[in-house]
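Colleague: Numbering (the working numbering), first residue to last: 9 to 669.
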Ligand SMILES: Nc1ncnc2c1ncn2[C@@H]1O[C@H](COP(=O)(O)OP(=O)(O)OP(=O)(O)O)[C@@H](O)[C@H]1O
Ligand SMILES: [Mg+2]
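(1) With a threshold of 16 other CB atoms inside 10 Å of the CB of residue 43, please say whether the residue is buried or exposed.
(2) Say the cut is 7 Å; is the CB of residue 652 nearer than that to a heavy atom of ligand 2?
(3) Specify the secondary structure class of residue 619 as computed by DSSP and reduced to three states.
(4) Leaving aside the five residues before and after residue 41 along the sequence, list all residues of the same chain whose C-beta is less than 6 Å from its C-beta, in chain order.
(5) What is the DSSP secondary structure of residue 228, reduced to helix, strand or coil?
(6) Look at the Cβ atom of residue 56, then the Cβ atom of residue 304, and state whether they are nearer than 8 Å.
(7) Taking residue 629 and residue 618 to be in contact with their CB atoms under 8 Å, please state how far apart those CB atoms are, rounded to whole angstroms.
(8) Just to confirm my understanding: we take residue 669, look at its own chain, exclude 5 residues before and 5 after, and list those with CB closer than 7 Å. What are they?
(9) Which first and last residues belong to the beta strand (DSSP E) in which residue 65 is found?
(10) Taking residue 154 as the reference, which of 412, 312, 470 and 381 has the closest Cα?
(11) Check whether the Cβ of residue 539 sits closer than 7 Å to any heavy atom of ligand 1, and report yes or no.
(12) Rounded to whole angstroms, what's the CA-CA distance from residue 565 to residue 492? Just pull it up for me.
(13) Give the DSSP-derived three-state secondary structure of residue 399 in the structure shown.
(14) Check residue 191 in the structure and name its three-state DSSP category.
(15) How many angstroms separate the CA atom of residue 12 from the CA atom of residue 29?
(16) Figure out for me which residue from 150, 202 and 501 has the closest Cα to the Cα of residue 68.
(17) Around ligand 2, what residues have a beta-carbon under 5 Å from a heavy atom of it, in chain order?
(18) Would residue 606 count as contacting chain C if we go by Cβ distances under 8 Å?
(19) Give the secondary structure of residue 645 by DSSP, where H, G and I count as helix, E and B as strand, and everything else as coil.
(20) Touch check for the stretch 528-538 and the stretch 482-489: three-plus C-beta pairs under 8 Å?
(21) Which value, in whole angstroms, describes the spacing of the CA atoms of residue 295 and residue 334?
(22) Can you check which of these residues, 572, 591, 653 and 658, is closest to residue 598 by C-alpha distance?
(23) To the nearest angstrom, report how far apart residue 667 and residue 601 are at their CA atoms.
(24) Apart from the five residues on each side of it in sequence, which residues of its chain come closer than 6 Å, Cβ to Cβ, to residue 234?
(25) Are the stretch 317-331 and the stretch 254-263 in contact at 8 Å, needing three or more beta carbon pairs?
(26) By the three-class DSSP mapping on this structure, what secondary structure does residue 314 have?
(27) What I want to know is whether the C-beta of residue 575 ends up closer than 7 Å to one or more non-hydrogen atoms of ligand 1.
(28) Can you name, in chain order, every residue of its own chain whose Cβ lies under 6 Å from the Cβ of residue 468, other than the five neighbours on each side?
(29) Measuring CB to CB, does residue 661 end up less than 8 Å from residue 555?
(30) Ignore the nearest five residues each way along the sequence and tell me which others in residue 575's own chain have a CB closer than 7 Å to its CB.
(31) In whole angstroms, give me the CA-to-CA distance for residue 231 and residue 63.
(32) What does the alpha-carbon distance come out to for the pair residue 356 and residue 281?
(33) Considering only heavy atoms of ligand 1, does any lie closer than 7 Å to the CB of residue 632?
(34) Output needed for residue 9: all residues of its chain with C-beta closer than 7 Å, excluding positions within five of it in sequence on either side, in chain order.
(35) With a threshold of 6 Å on Cβ separation, who are the neighbours of residue 119 within its own chain once the five nearest residues in sequence on each side are excluded?
(36) Within a Cβ cutoff of 7 Å, which residues of the same chain sit near residue 548, ignoring the five residues on either side of it in sequence?
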């Protein structure tokens with residue numbers, strides 16, 4: 009038999025539920041986490057861009073502030089008059105104060121031709137022309153203020169002061185991923201500059217005032233950017249924001265500090281940033297590992313007055329707070345997801361049990377039915393409709409099966425009885441047949457013997473009787489001859505009975521009243537000595553129908569049986585003769601019961617054999633003869649006997665005889 013290895017409904021439901029829950033849960037989680045990640049990163053990037061805008065604005069404000077200081081100074085009458093009068097020392101003193109208070113690195117006045125009248129930072133350096141300076145050139149030609157970012161060479165710086173020229177020097181630190189460069193030192197400086205025209209009272213252009221702030225190593229500006237943009241916020245002891253100013257790709261001012269506490273200048277941007285910001289002039293956002301932490305870095309180009317890209321302004325946002333936020337959000341998301349999944353799983357378990365429990369019950373019942381136990385009725389409540397229907401169908405099926413099984417059992421019992429009956433009948437018929445054949449052959453033999461013996465016997469009797477008459481009264485031989493006569497008579501009697509038995513004469517049937525026959529026999533036998541101590545009881549059915557039978561032969565049967573009964577009750581007893589008709593009125597029954605010793609089991613069939621007798625002077629032909637007669641009438645003769653209590657002979661005779669008989 010093929011082994012079924014199917015999983016139980018319960019576990020299958022759980023597996024399918026789990027798949028149904030987990031697949032969307034995993035997809036949703038992936039989408040959710042990606043969404044959270046994107047949102048967080050986007051938020052950080054947006055913040056970076058807005059920080060970048062703020063930084064650029066602060067940068068522009070610084071330039072504007074420089075311009076307004078320069079304008080205010082250039083408009084002062086004292087300055088104008090000192091310029092017109094060529095009082096370099098006076099100018100020097102006057103401008104020095106402003107230069108210090110406003111933190112300027114360059115504060116120079118030139119005349120209308122561009123000749124330097126006063127260099128506030130270096131009073132001995134004057135008389136040269138600044139006509140090659142773009143800013144000065146523009147102011148002279150356009151007569152209006154020019155402000156912005158500029159790059160100054162070492163020569164230009166040396167003119168301002170040696171100290172200044174040396175201060176801006178930045179050793180270039182070799183940087184991974186940066187654009188290859190052979191230079192190891194930067195001597196140029198990036199500067200925010202404002203050049204303002206000076207007019208006299210008559211509005212005549214008389215000179216230019218130039219103010220500048222160097223950006224190399226200028227940490228004030230970047231610190232200010234950082235303070236304004238990030239409000240100096242700290243995260244786990246670390247500054248959240250960074251700001252840097254690049255000259256071209258070189259870090260010249262930053263608030264990022266090295267491990268040793270010095271400012272991290274001298275390194276260069278990556279080639280990628282270089283290409284995007286310095287070459288393409290675009291904004292760029294990315295992630296960068298700066299000194300010891302990851303930053304979301306935003307870069308924007310710084311352009312000079314002629315729109316050439318001269319540097320980069322950069323703001324960085326510490327990534328860790330965002331990473332932590334991302335981690336926390338994902339953690340909360342996962343916890344919520346797990347709780348929800350578990351909750352759904354518990355519901356799934358509950359549903360699975362609700363479906364599988366009644367099915368299990370049904371399975372159990374079906375198994376019992378298969379084993380033949382149909383009486384197992386059960387009810388299933390609160391189960392799905394189909395399961396309830398299945399249960400009630402099973403119940404009905406079990407009932408039907410039980411009914412059918414009962415019918416089958418009844419039918420089998422009936423069949424058994426029928427078979428038993430038939431077997432008994434066959435046995436009986438077989439016995440009867442056997443007996444009939446035996447009787448027939450014995451009858452033929454007896455007839456032959458009786459016929460042969462009868463004539464000589466008649467001769468013996470006749471001669472013996474004649475001889476007897478010849479003897480004198482007291483002749484002693486007379487007695488012997490008398491014995492011969494008596495015994496010959498007895499022999500003739502036997503021969504007569506043998507002839508009766510063997511004759512098998514066809515019964516002369518006519519309407520016969522069995523009750524009348526019985527009455528006659530009783531009248532006959534009652535006064536005989538053998539019946540002296542026997543009580544005779546008649547229970548005769550008054551409605552007993554007459555039957556088609558030979559009255560002489562039937563009477564002979566009854567006499568045989570009644571005489572046999574008397575023989576077994578020598579010391580008295582009771583003889584009951586009973587007649588009745590069966591319900592269908594086609595048979596009559598005659599019962600002859602004695603209170604004799606009974607007939608042993610093993611003799612019950614033999615007593616019908618011819619010549620079987622237990623009596624000293626019996627012929628053993630009485631029952632054999634009776635059997636033959638009853639059989640010839642289409643009837644049966646049977647007996648019931650109990651040892652020590654008595655015997656009943658039961659004769660059945662048909663009411664209407666059949667032609668064949
Ligand atoms: N009512 C009875 N109770 C007990 N035994 C009986 C009864 N009727 C018959 N028998 C037995 O059956 C035997 C056979 O009976 P059956 O009438 O054929 O012959 P018999 O009576 O012996 O001889 P006969 O009939 O010639 O006088 C009897 O010898 C007796 O043993
Ligand atoms: Mg007899």
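For glycine and all other residues, C-beta sits at the position ideal for the given N, C-alpha and C. Predicted model only: the values in this text are computed from it and were never measured.
Modeller: Answer, in terms of the structure:
(1) For this step, residue 43 is matched to residue 35 along the chain shown. Exposed is the call here.
(2) Within the chain shown, the letter at position 644 stands for residue 652. At a threshold of 7 Å, residue 652 does not count as near ligand 2, since its beta carbon sits no closer than that to any of the ligand's heavy atoms.
(3) Taking the first residue of the chain shown as position 1, residue 619 is located at position 611. DSSP, read as helix, strand or coil, puts residue 619 in coil.
(4) What you label residue 41 is simply residue 33 of the chain shown in a count that begins at 1. The beta carbon of residue 41 sits closer than 6 Å to the beta carbons of 338 from its chain, once the five residues preceding and following it are set aside; these are given in chain order.
(5) For this step, residue 228 is matched to residue 220 along the chain shown. Helix.
(6) Here residue 56 corresponds to residue number 48 of the chain shown, with the count starting at 1. Here residue 304 corresponds to residue number 296 of the chain shown, with the count starting at 1. Yes, these two residues count as a Cβ contact at 8 Å.
(7) As a working mapping, residue 629 is identified with position 621 in the chain shown. As a working mapping, residue 618 is identified with position 610 in the chain shown. Right, the Cβ-Cβ distance comes to about 6 Å (below 8 Å), so this counts as a contact.
(8) Taking the chain shown and counting its residues from 1, the one referred to as residue 669 is at position 661. The predicted position of residue 669 is uncertain, since its pLDDT is 41 and thus under 50; a value taken from the coordinates is nonetheless stated next. Hits under 7 Å: 640, 641 and 642.
(9) Taking the first residue of the chain shown as position 1, residue 65 is located at position 57. Looking at the DSSP string, residue 65 is not in any beta strand (DSSP E); the run it does join, the alpha helix (DSSP H), is 17-82.
(10) Residue 154 sits at position 146 when you count from the first residue of the chain shown. Taking the Cα of residue 154 as reference, the smallest distance to any Cα among 412, 312, 470 and 381 is reached at 312.
(11) Position 531 of the chain shown holds residue 539. The nearest non-hydrogen atom of ligand 1 is 7 Å or more from the C-beta of residue 539.
(12) Within the chain shown, the letter at position 557 stands for residue 565. Within the chain shown, the letter at position 484 stands for residue 492. Distance between the alpha carbons of residue 565 and residue 492 is about 31 Å.
(13) Residue mapping note: residue 399 aligns to position 391 of the chain shown, counting from 1. Helix, per DSSP.
(14) Your numbering for residue 191 matches position 183 in the chain shown. In this structure, DSSP gives residue 191 a state outside helix and strand, which the three-state scheme calls coil.
(15) Taking the first residue of the chain shown as position 1, residue 12 is located at position 4. Taking the first residue of the chain shown as position 1, residue 29 is located at position 21. Model confidence at residue 12 stands at a pLDDT of 45, short of 50, so the residue's coordinates are unreliable and nothing is read from them.
(16) Residue numbering aside, residue 68 sits at position 60 when the chain shown is read from its first letter. Considering only alpha carbons, the answer is 202.
(17) Screening all residues for a C-beta within a distance smaller than 5 Å of any heavy atom in ligand 2 leaves 572 and 630, in chain order.
(18) Included in the structure is just one protein chain, with no chain C present.
(19) As a working mapping, residue 645 is identified with position 637 in the chain shown. Per DSSP, reduced to three states, the secondary structure at residue 645 is strand.
(20) Look at the beta carbons and you see the stretch 528-538 not touching the stretch 482-489: under three pairs across the two are nearer than 8 Å.
(21) In the chain shown, the residue the question calls residue 295 occupies position 287. In the chain shown, the residue the question calls residue 334 occupies position 326. The straight-line gap from Cα to Cα measures roughly 16 Å.
(22) On the chain shown, position 590 is the one that residue 598 refers to. Distance check between residue 598 and each of 572, 591, 653 and 658 places 658 closest, using alpha-carbon atoms only.
(23) Stepping through the chain shown from its first residue, residue 667 is reached at position 659. Stepping through the chain shown from its first residue, residue 601 is reached at position 593. With a pLDDT of 49 at residue 667, under the threshold of 50, the modelled position of this residue cannot be trusted, and the question is left open.
(24) Translated into the one-based positions of the chain shown, residue 234 becomes position 226. Counting only Cβ-Cβ distances below 6 Å, and skipping sequence neighbours, we find 249, 251 and 263.
(25) Below 8 Å, enough C-beta pairs join the stretch 317-331 and the stretch 254-263 to call them touching: three or more.
(26) For the purposes of this step, residue 314 is identified with residue 306 of the chain shown, where counting begins at 1. The three-state reading of DSSP puts residue 314 in coil, since its state is none of H, G, I, E or B.
(27) By one-based count along the chain shown, residue 575 stands at place 567. Because some heavy atom of ligand 1 lies under 7 Å away, the Cβ of residue 575 counts as near it: yes.
(28) Taking the chain shown and counting its residues from 1, the one referred to as residue 468 is at position 460. So the qualifying residues of the chain are 496.
(29) Locating residue 661 in the chain shown gives position 653, counting from the first residue. Locating residue 555 in the chain shown gives position 547, counting from the first residue. Cβ distance < 8 Å, so residue 661 and residue 555 count as in contact.
(30) Working through the chain shown from its first residue, we reach residue 575 at position 567. 623.
(31) Sequence index remark: in the chain shown, residue 231 carries index 223 (1-based). Sequence index remark: in the chain shown, residue 63 carries index 55 (1-based). Cα atoms of residue 231 and residue 63: separation of roughly 11 Å, rounded to the nearest angstrom.
(32) Within the chain shown, numbered from 1, the residue matching residue 356 stands at position 348. Within the chain shown, numbered from 1, the residue matching residue 281 stands at position 273. Rounded to whole angstroms, the separation of the alpha carbons of residue 281 and residue 356 is 55 Å.
(33) As a first step, residue 632 must be located in the chain shown, where it is residue number 624. Short note on residue 632: C-beta closer than 7 Å to some heavy atom of ligand 1.
(34) Working through the chain shown from its first residue, we reach residue 9 at position 1. Low per-residue confidence applies at residue 9: pLDDT is 45, beneath 50, and the placement is therefore not dependable, though the value from the model is reported in the following sentence. Answer for residue 9: no residue qualifies.
(35) If you number the chain shown from 1, residue 119 lands on position 111. Taking residue 119 as the centre and dropping the five residues before and after it, the same chain places the C-beta of 125 and 215 closer than 6 Å to its C-beta, in chain order.
(36) Here residue 548 corresponds to residue number 540 of the chain shown, with the count starting at 1. Shown here for residue 548: same chain residues with a beta carbon closer than 7 Å to its own, the five before and five after excluded, namely 523, 526 and 587 in chain order.
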